[in-house]
């Protein structure tokens, strides 16, 4: 989990070890010196009785003390620990197919660490799966603000908005994705984004912008050796090749 420092993760786990420590302490066996023959009964009476821990008061209540860090934590450090704990709770619930519970746990993690891209990615995925489209868009917008070069995330956000009929917003985010310095302009992903942009520009009546995008798609189809197409991207375009030629004139 790259979104959390190792120290925060380790401290969050220490709370789970308290019970194990208490159980491992157990009762300490008491060894007594064998009494002499004379006055053995009297000496036996003087031997101290072993201390028995009361279950009513809790196992080893007077032995296990609250975990106190050697150096007091700063508020920011405590927030990171709390965020890591909630994130792990979300992972556990998700593994048990409790997706609603996991979603709520991840939201708690985000509250304590609102600058974690990793948490936003998980929230976007779960929000989409739970049909919480508006929340997915909101989380995606925050994530994009944190990492403007994440073209994959911007593309997903654009497609989410297109599905909601928000074509102006959708094409704006797709344009940001295709303009990202991190994207390879000869990749299949880039061509697919341009294809999606062209469709949206046509819906908005922006034919000049659409034509510029179609030109890139057409060039990729006619000169495939110049592009590094993934199999799925290439198959997707080839399936629409006839209609694409018609639309490009």
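Numbering (this note's numbering), first residue to last: 19 to 267.
All residues carry an ideal CB built from backbone N, CA and C; glycine is no exception.
Beta-carbon proximity list for residue 126, same chain, < 6 Å, skipping 5 on both sides: So the list reads 104, once near-sequence residues are dropped.
Restricting to Cα atoms, I'd like to know which of 152, 129, 135 is closest to residue 97. Shortest Cα-Cα distance from residue 97 to any of 152, 129, 135 involves 129.
Please confirm whether residue 166 has its beta-carbon closer than 8 Å to some beta-carbon of chain D. The displayed structure is made up of one protein chain only, and chain D is not part of it.
DSSP three-state call for residue 246: helix, strand or coil? Residue 246: strand per DSSP, three-state reduction.
With a threshold of 16 other CB atoms inside 10 Å of the CB of residue 86, please say whether the residue is buried or exposed. Residue 86 counts as exposed, since fewer than 16 other beta carbons sit within 10 angstroms of its beta carbon.
Taking the CB atoms as reference points, tell me whether residue 195 and residue 179 lie closer together than 8 Å. Contact check for residue 195 against residue 179 fails: the beta carbons are separated by 8 Å or more.
Per DSSP, what kind of secondary structure is residue 205 in: helix, strand or coil? Of the three classes helix, strand and coil, the one that applies to residue 205 here is strand, per DSSP.
For residue 121 and residue 162, what's the separation of their Cα atoms in angstroms? Computed Cα separation, rounded: 20 Å.
Could you compute how far the alpha carbon of residue 108 sits from the alpha carbon of residue 157? Those two C-alpha atoms are separated by around 17 Å.
Drop a sphere of 10 angstroms on the beta-carbon of residue 164, count the other beta-carbons inside from all chains shown, and report buried for 16 or more, exposed for fewer. Exposed, since its Cβ has fewer than 16 Cβ neighbours within 10 Å.
With DSSP collapsed to three states, give me the class of residue 193. Look at residue 193 here: in three-state DSSP terms it is helix.
Note down, in chain order, each residue of its chain lying with its Cβ closer than 8 Å to the Cβ of residue 174, except the 5 sequence neighbours on either side. Answer for residue 174: 142, 158, listed in chain order.
Using the rule of at least 16 other Cβ atoms within 10 Å of the residue's Cβ for burial, across every protein chain shown, is residue 241 buried or exposed? So residue 241 counts as exposed.
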